[in-house]
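Comments concern the structure below.
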Ligand SMILES: [Zn+2]
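This is the structure in structure tokens:
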């Protein structure tokens, strides 16, 4: 049977051929297809699909997929027929929507059939193109969704400028003036927020058992970790945010992104992710200084440091904006003045991070 004769045979047998697409279909057709298979589970009945065998020798483009069909949607629970290998009997649940230039048609094919039918090289190329297109689309969507929050993040960062440098200054001062207490705290707080002491309990048969008792759960333990470089990091974040600030109006952002080439979109996306990472790093640490230097927390630290087992003879107090910490017998070791550290600007609500996407 000749090729044409075979095709005609197919068509007589109830397969359909619709040469509706001289060029690859647009986003509208793709979203309609997505919606269709989500609701019906029947790609073979999509109004614009062809179910006849796709041509072999053709330019092709994978326009959607790999998609997965929910079998329970199909009335008889059968698999989807594949126009390449089994046009009349159940074959697959996972497939691709593919466009062929030679036939000007789209087909929903089983995931395993493309390579053999269209050739390994051509199909691998089409797969790579689809992956890249999907990634490009995801990047653009993320930018459209998230860039309008950049101005609010910039305001938040600006509001913390003075507090960040005060936090750094106080942290450096505290380390320099109270090295013993600082080192004890740092060692005690490795991987925990609890300041503990060992306790012994007398057993009946064993002579004794050893356990730990939590004397105080430290607030703002992050303030003691790492180098005090919040100011520097915040400054970098502010410059990065400035460079991708397209305003807070979503329509405006959308229009302005239309002028971006893919390279610029990718670069903006990298900046954006790095900004969000910096915000995530900075936010708890900016709050940590005020939390650590609060009256209640200093009282807890003092209680722990003066426990007979630790025995640092510490006085750690706060009166108004003044923190006094002394150790041992020296008059005072550290007198910290707090001006702006506890003026907190709340972090803007970022809808995508609460939704748990990404
Ligand atoms: Zn197949």
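Residue numbers (this note's numbering): 23 to 380.
Beta carbons are placed, not taken as given, at the ideal position from N, Cα and C, and that holds for glycine.
Computed from a predicted model, the values in this text were never measured in an experiment.
In this structure, residue 89 keeps its C-beta atom at 8 Å or more from the C-beta atom of residue 131. Leaving aside the five residues that flank residue 270 on each side, the residues in its chain whose CB is nearer than 6 Å to its CB run, in chain order, 170 and 173. Residue 361 counts as exposed, since fewer than 16 other C-beta atoms from the protein chains shown sit within 10 angstroms of its C-beta. The C-beta distance from residue 47 to residue 128 rounds to 6 Å, short enough to meet the 8 Å contact threshold. Residue environment: residue 250 is assigned as buried (16 or more neighbouring CB atoms within 10 Å of its CB, all protein chains considered). Taking C-beta atoms under 8 Å as the contact rule, residue 40 and residue 70 qualify, at a distance of about 6 Å. Under the three-state reduction of DSSP, residue 158 is assigned to helix.
A distance of 8 Å or more separates the beta carbons of residue 308 and residue 266. Put simply, the segment 147-165 does not touch the segment 237-249. Fewer than three CB pairs are less than 8 Å apart. If you check the CB distance, residue 320 and residue 341 do not come in under 8 Å.
The beta-carbon distance between residue 38 and residue 76, rounded to whole angstroms, is 13 Å. This is too long to meet the 8 Å contact definition. Assigned with DSSP and collapsed to three states, residue 252 falls in helix. At the C-beta level, residue 297 and residue 165 stay beyond 8 Å of one another.
Under the DSSP assignment, residue 61 falls in the alpha helix (DSSP H) whose first and last residues are 49-62.
Within the same chain, and ignoring the five residues on either side of residue 149 in sequence, the residues whose Cβ sits closer than 7 Å to its Cβ are 84. The segment 185-201 and the segment 354-374 touch, with three or more beta-carbon pairs separated by less than 8 Å. Here residue 109 is not near residue 91, since their CB atoms are 8 Å or more apart. Here residue 108 is bridged, per DSSP, to 104. The Cβ neighbour count for residue 264, taken over all protein chains shown within 10 Å, is under 16; the residue is labelled exposed. If you look at residue 68, you'll find it isn't in any beta strand (DSSP E); DSSP assigns it neither H nor E. Set against 7 Å, the gap from the CB of residue 141 to the closest heavy atom of ligand 1 is not smaller. The set of residues with a C-beta under 7 Å from any non-hydrogen atom of ligand 1 comprises 104, 106, 107, 108, 113, 114, 131, 132, 134 and 135, given in chain order. In the DSSP assignment, residue 311 falls outside any beta strand (DSSP E) and lies within the alpha helix (DSSP H) extending over 284-314. Scanning its chain for C-beta atoms nearer than 8 Å, with the 5 sequence neighbours on each side dropped, one finds around residue 328 the residues 334, 335 and 336, in chain order. Assigned with DSSP and collapsed to three states, residue 43 falls in coil, not helix or strand. Leaving aside the five residues that flank residue 256 on each side, the residues in its chain whose CB is nearer than 7 Å to its CB run, in chain order, 179, 182, 183, 186 and 304. Note on geometry: alpha-carbon atoms of residue 107 and residue 74 lie some 11 Å from one another. Non-local beta-carbon contacts of residue 284 in its own chain, meaning distances under 7 Å to residues more than five positions away in sequence, involve 158 in chain order. Pairing residue 86 with residue 56 gives a Cβ-Cβ distance under 8 Å. By the beta-carbon neighbour count (other beta carbons within 10 angstroms, threshold 16), residue 53 is exposed.
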